[in-house]
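*Asks:* The numbering used here applies: residue 202 is where the sequence shown begins, and numbers increase by one.
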Amino acid sequence: MKIDKNLDHAIKLIKYFESQAFIDEISKLMRLEDFCEGKREHLYLVLWHLKESDFELFSSFLQQCFMHYHTSQMPHR
Numbered sequence: 202m203k204i205d206k207n208l209d210h211a212i213k214l215i216k217y218f219e220s221q222a223f224i225d226e227i228s229k230l231m232r233l234e235d236f237c238e239g240k241r242e243h244l245y246l247v248l249w250h251l252k253e254s255d256f257e258l259f260s261s262f263l264q265q266c267f268m269h270y271h272t273s274q275m276p277h278r
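1. Return the CA-CA distance between I224 and F259, expressed in angstroms with no decimal places.
2. Using the C-alpha atoms, what's the distance from M268 back to V247?
3. Quick check: the Cα distance between K280 and K213, rounded to an integer number of angstroms?
4. What residues in its chain sit with their C-beta under 6 Å from that of I215, if we drop five residues either side in the sequence?
5. Tell me whether D209 sits in a helix, a strand or coil according to DSSP, three-state version.
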């Protein structure tokens, strides 16, 4: 029972890391003008862990962040 509960929790975490909500949060953090050292360290730790645990997901995440950033910078018509 405990293993199933932990597996369920792990699956929910992975789904969160793949979600648009997570990408939006990271995007907000990267745009903060007063991006303090503590928040930067947390971001780097999350990205390092993602890279080490699932490189394909890490690559997909970076690609989506890149696209989100560049599309959000385009002037609205």
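No residue lacks a Cβ here, since even glycine has one placed at the ideal position from N, Cα and C.
*Replies:* Let's see:
1. Looking at the two C-alpha atoms, the distance is approximately 12 Å.
2. Between V247 and M268, the C-alpha separation is close to 20 Å.
3. No answer is possible for residue 280: the residues shown for the chain start at 202 and end at 278.
4. Answer for I215: no residue qualifies.
5. Helix, per DSSP.
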